[in-house]
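Before any comments, here is the structure.
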DNA sequence: CGTCGAATTGACCGCGATCAAGGAAGGTGG
DNA sequence: CCACCTTCCTTGATCGCGGTCAATTCGACG
């Protein structure tokens with residue numbers, strides 16, 4: 001296998017600085033698979049045999065308990081997921097399912113741990129990546145505990161707007177019921193919450209969101225870099 | 001400074017395997033301070049100048065937004081906190097205050113990053129520690145989103161019971177209003193929640209909790225290793 | 001004994017869950 | 001091309017959990 005086999009994967013922060021030789025070694029043992037939508041890739045509690053990398057499509061991380069289910073995150077290319085379970089050789093804490101047709105690279109966790117021991121650059125990148133993941137979950141916990149659901153939705157909309165380029169009109173990237181689950185509410189309540197944001201200039205039609213009055217919305221949402229910025 | 005200066009710190013997983021030389025180097029630049037209760041050690045948003053290690057006492061991590069505040073975690077000896085911010089050289093996401101008289105070791109974040117680059121064992125330990133932190137926050141998010149407050153309290157009680165040795169009688173280690181904040185509810189509601197657990201054999205007097213019927217409580221709480229176990 | 005903060009209790013109310021029904025959109029098959 | 005079905009979204013009605021406000025009790029401490 002040549003080093004050009006997974007150029008997109010190589011560009012990930014996690015892999016970009018490691019020695020060619022070690023990257024090759026990881027990729028040699030890797031599988032690539034295409035999955036249809038709605039396939040459960042990972043079931044929580046299972047041993048973490050593979051580090052997953054999504055190259056195309058989208059994946060939802062979710063968890064269940066006592067017949068209830070909640071969405072934890074949506075993963076888009078190019079990203080790894082369940083890195084922590086892989087490196088700790090511990091059971092998955094979350095399940096994962098494809099939302100669309102998706103292309104996934106699977107690297108045996110054992111290989112990740114071996115290369116980690118040999119490549120200092122990879123180890124460094126791993127620490128940065130894990131610290132990033134940790135901080136993301138902390139932010140989402142703050143979002144959940146400090147904000148009402150209306151405030152959460154307002155900030156979610158502002159974050160999506162930024163992702164979409166910042167224009168006044170943009171498309172929600174996932175189904176509303178999944179947005180509801182991410183924000184910890186029911187679909188019914190999400191509908192009402194969208195209406196509740198109309199006084200602040202938010203209008204929704206299908207998946208299209210229009211922000212008529214950016215300043216009003218920001219004034220209500222009070223976005224905060226320590227909760228809403230992805231990179232700090 | 002001799003290597004026996006911080007024997008307790010040396011026993012932490014994070015430091016136990018690193019080279020003496022590097023540990024010494026970290027400790028040479030470290031400060032030790034005793035703080036009275038209710039001192040704000042860290043303010044969220046500030047640059048992360050120090051990795052903190054609690055040697056005695058207890059510390060609460062909390063966050064604020066829009067005049068609201070919530071407890072995120074309680075830290076007890078011997079543990080590090082805010083490792084992720086230190087290693088990423090990013091602003092603190094949470095504030096920290098002492099709950100009791102506490103003894104804290106402060107290691108300049110710059111030193112942590114330097115030693116990390118030189119000591120592979122330390123880097124490995126760091127990854128394990130961060131993965132552990134990440135998984136803890138994920139578990140607490142599952143707890144928050146999948147359980148009612150009564151179920152959360154029931155499981156919190158069971159976890160505390162385990163920490164306390166497993167007996168039918170034990171003491172809550174922190175004030176009730178802090179328990180309430182950790183569980184995302186008000187003190188008033190916590191009082192009612194305790195009463196709501198009486199049918200399952202839970203009785204509270206001051207800080208003393210008595211579990212009259214362990215099986216009833218477990219049947220209601222449905223504890224799950226993927227949410228409630230600290231080590232998996 | 002007096003004081004202050006914490007905990008409890010009660011009354012009230014609003015947010016969000018639940019249940020049920022009605023539309024809208026997309027896919028399938030005749 | 002259209003009838004039909006499924007799935008998602010929306011809307012309405014109702015209900016209960018949990019938040020808020022206020023008053024009281026409890027407990028630690030000086």
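Chains as they are written, first to last, in UniProt numbering: chain H, 1 to 232; chain P, 1 to 232.
All C-beta atoms, glycine included, are put in the ideal place defined by N, C-alpha and C.
Which listed residue (the options) has its alpha carbon closest to that of residue i
{"i": "residue 185(P)", "options": "77(H), 146(H), 88(H)", "result": "146(H)"}
{"i": "residue 149(P)", "options": "113(P), 34(P), 65(P), 221(P)", "result": "221(P)"}
{"i": "residue 92(H)", "options": "136(P), 95(P), 114(P), 91(P)", "result": "136(P)"}
{"i": "residue 69(P)", "options": "86(P), 43(P), 197(P)", "result": "43(P)"}
{"i": "residue 99(P)", "options": "39(P), 166(P), 191(P)", "result": "39(P)"}
{"i": "residue 27(P)", "options": "191(P), 33(P), 6(P)", "result": "6(P)"}
{"i": "residue 35(P)", "options": "56(P), 158(P), 187(P)", "result": "56(P)"}
{"i": "residue 10(P)", "options": "77(P), 37(P), 48(P)", "result": "77(P)"}
{"i": "residue 181(H)", "options": "71(H), 31(H), 110(H)", "result": "71(H)"}
{"i": "residue 138(H)", "options": "8(H), 232(H), 179(H), 80(H)", "result": "232(H)"}
{"i": "residue 160(P)", "options": "228(P), 37(P), 8(P), 46(P)", "result": "228(P)"}
{"i": "residue 102(P)", "options": "111(P), 85(P), 67(P), 79(P)", "result": "79(P)"}
{"i": "residue 214(H)", "options": "176(H), 188(H), 162(H), 230(H)", "result": "162(H)"}
{"i": "residue 111(P)", "options": "45(P), 24(P), 8(P), 67(P)", "result": "24(P)"}
{"i": "residue 230(P)", "options": "177(P), 178(P), 140(P)", "result": "140(P)"}
{"i": "residue 46(H)", "options": "85(H), 187(H), 33(H), 188(H)", "result": "85(H)"}
Cβ distance (whole Å) where residue i is taken to contact residue j below 8 Å
{"i": "residue 83(H)", "j": "residue 73(H)", "result": "Not really, about 13 Å apart at Cβ, beyond 8 Å."}
{"i": "residue 19(P)", "j": "residue 119(P)", "result": "6 Å"}
{"i": "residue 106(H)", "j": "residue 50(H)", "result": "4 Å"}
{"i": "residue 225(P)", "j": "residue 155(P)", "result": "Residue 225(P) to residue 155(P), Cβ: 12 Å. No contact."}
{"i": "residue 63(H)", "j": "residue 90(H)", "result": "Incorrect: roughly 15 Å between the Cβ atoms, too far for contact."}
{"i": "residue 164(P)", "j": "residue 210(P)", "result": "About 12 Å separates the two Cβ atoms, so there is no contact after all."}
{"i": "residue 152(P)", "j": "residue 183(P)", "result": "5 Å"}
{"i": "residue 97(P)", "j": "residue 41(P)", "result": "6 Å"}
DSSP three-state assignment for residue i, whether helix, strand or coil
{"i": "residue 168(P)", "result": "coil"}
{"i": "residue 95(P)", "result": "strand"}
{"i": "residue 193(P)", "result": "helix"}
{"i": "residue 73(H)", "result": "strand"}
{"i": "residue 24(P)", "result": "helix"}
{"i": "residue 188(P)", "result": "helix"}
{"i": "residue 129(H)", "result": "helix"}
{"i": "residue 68(P)", "result": "strand"}
{"i": "residue 234(P)", "result": "This structure gives no information on residue 234(P), because the portion of chain P shown stretches from 1 to 232."}
{"i": "residue 60(H)", "result": "strand"}
{"i": "residue 11(H)", "result": "coil"}
{"i": "residue 19(H)", "result": "coil"}
{"i": "residue 228(H)", "result": "helix"}
{"i": "residue 174(P)", "result": "coil"}
{"i": "residue 219(P)", "result": "helix"}
{"i": "residue 90(P)", "result": "coil"}
{"i": "residue 6(P)", "result": "coil"}
{"i": "residue 119(H)", "result": "coil"}
{"i": "residue 111(P)", "result": "helix"}
{"i": "residue 141(H)", "result": "helix"}
{"i": "residue 147(H)", "result": "coil"}
{"i": "residue 183(H)", "result": "coil"}
Distance CB(residue i)-CB(residue j) smaller than 8 Å
{"i": "residue 174(P)", "j": "residue 104(P)", "result": "no"}
{"i": "residue 22(P)", "j": "residue 128(P)", "result": "no"}
{"i": "residue 200(H)", "j": "residue 217(H)", "result": "yes"}
{"i": "residue 75(P)", "j": "residue 95(P)", "result": "no"}
{"i": "residue 205(H)", "j": "residue 171(H)", "result": "no"}
{"i": "residue 65(P)", "j": "residue 142(H)", "result": "yes"}
{"i": "residue 157(H)", "j": "residue 116(H)", "result": "no"}
{"i": "residue 121(P)", "j": "residue 195(P)", "result": "no"}
{"i": "residue 134(P)", "j": "residue 133(H)", "result": "yes"}
{"i": "residue 124(H)", "j": "residue 123(P)", "result": "yes"}
{"i": "residue 166(H)", "j": "residue 108(H)", "result": "no"}
{"i": "residue 130(H)", "j": "residue 130(P)", "result": "yes"}
Identity of the residues DSSP links to residue i by a beta bridge
{"i": "residue 52(H)", "result": "81(H), 106(H)"}
{"i": "residue 203(H)", "result": "210(H)"}
{"i": "residue 40(H)", "result": "97(H)"}
Any non-hydrogen atom of the ligand GTP closer than 7 Å to residue i Cβ
{"i": "residue 89(P)", "result": "In the structure on display, the ligand GTP does not appear, and there are no ligands present to speak of."}
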